[in-house]
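S.K.: Under the numbering used here, the residues of the sequence shown are numbered 250 to 530, in order. Even glycine gets a Cβ: it sits at the ideal position worked out from N, Cα and C. Predicted, not measured: the structure shown is a model, and the values here were computed from it.
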Amino acid sequence: MERLKTSGIVGELSAEFLGTMVLILFGCGVVAQVVAGGALTDPAGGLGNHDSIAWAWGLGVTLGVYVAGRLSGAHLNPAVTLSLAAFKDFPWNKVAPYALAQLAGAFFGALVVRWNYTEALARADPGHTIKTQTVFSTLPANGNPALPVSEWGALRDQVIGTAILVLLIFAVTDLLNTPPGANLGPFVVGLIVVAIGMAWGTNAGYAINPARDFGPRLASFLTGYGGAWRDQYGNLYYWVPIVGPLVGGLVGAFLYKTLIGQFLPTAEPEPEGSIPLPAEL
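Here it is, written out as structure tokens:
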């Protein structure tokens, strides 16, 4: 306990960095396996599908939260950090450092994936084009031009998806509500991400996390993906999975606080000088 007290902000940022890195190792890793590795199987697509991607992202969140939870609370997402500051009294002076640590963790996690899948990516997509950009960052309609989702449609999707994420995170971590017991909170949060991936993954690839998208996007740009900042239509797109989640997180937190949080019972303090009575006589 003494070590936890003295770890301070350095320990918290270290936890956010490593927890987010674990998230990306599984998340971007599974997309690399499905997209790049799967393109080389006979027949193509033999190394997974959308469901395996959704499950691996969710498990990556679960494992990242278990890694970082004790030291930092395992936000792993600037949208979550911002929402906690706005509605849960998280210190505002920690918002930017947490976001930078999350971004750095996502960036280095993506570099590891990029390095490990060098051969598969080069064979499946020698020009490092939009074809395999989804390994690292999101695109409208996951890069599919047959589904004409604009930047504004993708922005709407990211606001809604992140609002759902943060609302549910607030619900399952609120000790005054009905939080999961037996340290199952991280597992339930992971299931939330799986559910969002399966229900809200079509229009914009469910980034729902600015660090998860921008960190790997930057890593891909620095390692050969010259078009990383644009979508399949040539439009600047990188801002959508940054702005959308930040706005959506605040929306979800506001909805939970307004419609649920303010109505939950709180523990009544004992009268001064009295002896606490047992719950049941």
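If we ignore side chains and look at the alpha-carbon of each, how far apart do V279 and A305 end up?
M.R.: Going from the Cα of V279 to the Cα of A305 covers about 6 Å.
S.K.: I'd like to confirm the pairing. Which residues does DSSP put opposite L485 in its beta bridges?
M.R.: Beta-bridge pairing links L485 to R479.
S.K.: How many Å lie between L253 and T515 at the Cα?
M.R.: Only weak support is given to the placement of L253: the predicted model assigns it a pLDDT of 49, under 50, and the value that follows is read from those uncertain coordinates. Cα to Cα, L253 sits roughly 28 Å from T515.
S.K.: Using only alpha-carbon positions, find the residue among Y315, W341 and L425 that is nearest to I509.
M.R.: When each option's Cα is compared against that of I509, the closest is L425.
S.K.: So the candidates are A412, L325, R405 and Y505; which of them puts its Cα closest to the Cα of G313?
M.R.: Among A412, L325, R405 and Y505, the Cα nearest to that of G313 is on L325.
S.K.: Would you call the region 356 to 372 in contact with the region 272 to 290, where contact means no fewer than 3 C-beta pairs closer than 8 Å?
M.R.: Touching, per the Cβ criterion.
S.K.: Among Q382, P429 and G493, whose alpha-carbon lies nearest the alpha-carbon of P459?
M.R.: The option with the nearest alpha carbon to P459 is G493.
S.K.: Can you grab the Cα-Cα spacing for the pair F512 / I418, in whole Å?
M.R.: In a straight line, the C-alpha of F512 is about 18 Å away from that of I418.
S.K.: What is the DSSP secondary structure of E529, reduced to helix, strand or coil?
M.R.: Since pLDDT at E529 reaches only 47, below the 50 mark, its modelled position is unreliable, and the value read off the structure follows with that caveat. Here E529 sits in coil by DSSP.
S.K.: Can you give me the C-alpha to C-alpha distance between P340 and V500, rounded to a whole angstrom?
M.R.: Each residue's Cα considered, the two are about 19 Å apart.
S.K.: Inspect the beta-carbon positions of G439 and V310 and report whether they are closer than 8 Å.
M.R.: Going by C-beta atoms, G439 is nearer than 8 Å to V310.
S.K.: Between T507 and A335, what straight-line distance do the alpha-carbon atoms span, to the nearest angstrom?
M.R.: Going by the C-alpha atoms only, they are around 13 Å apart.
S.K.: For a test of the three-state rule: what should DSSP assign to N391, helix, strand or coil?
M.R.: In this structure, N391 counts as helix in the three-state DSSP scheme.
S.K.: Among residues of its own chain, excluding the 5 on either side of Y347, which ones have a beta-carbon nearer than 8 Å to its beta-carbon?
M.R.: So the list reads E261, L262, E265, S321, H324, P327 and T330, once near-sequence residues are dropped.
S.K.: Could you check what DSSP says for N342 in three-state terms: helix, strand or coil?
M.R.: In this structure, N342 counts as helix in the three-state DSSP scheme.
S.K.: Could you tell me how far apart the beta carbons of P435 and A359 are, in whole angstroms, since I believe they sit closer than 8 Å?
M.R.: Not a contact, Cβ separation roughly 22 Å.
S.K.: Distance, Cα to Cα, L296 vs L289?
M.R.: If you take the alpha carbons of L296 and L289, they lie about 9 Å apart.
S.K.: Whose CA, out of K337, F357, Y366 and N298, lies closest to the CA of L267?
M.R.: Answer by Cα proximity: F357.
S.K.: Could you round the C-beta distance between G476 and T378 to whole angstroms and report it? I think they count as a contact, below 8 Å.
M.R.: Confirmed, Cβ separation roughly 7 Å.
S.K.: Determine, using beta-carbon pairs with one atom in the region 482 to 492 and one in the region 396 to 410, whether at least three such pairs fall under 8 Å.
M.R.: Touching, per the Cβ criterion.
S.K.: In the structure shown, what three-state DSSP assignment does W449 receive?
M.R.: In this structure, W449 counts as coil in the three-state DSSP scheme.
S.K.: Measure the Cβ-Cβ separation of R479 and A355 and say whether it is below 8 Å.
M.R.: Not in contact: R479 and A355 (Cβ atoms no closer than 8 Å).
S.K.: Could you check how far apart the C-beta atoms of F385 and A468 are, in whole angstroms? I think they sit under 8 Å.
M.R.: About 6 Å; that satisfies the 8 Å criterion.
S.K.: When the Cα of L349 is compared with those of V259, R319 and G410, which residue comes out closest?
M.R.: Measuring from the Cα of L349, the nearest candidate turns out to be V259.
S.K.: By the three-class DSSP mapping on this structure, what secondary structure does Y474 have?
M.R.: Reduced to three states, the DSSP call for Y474 is coil.
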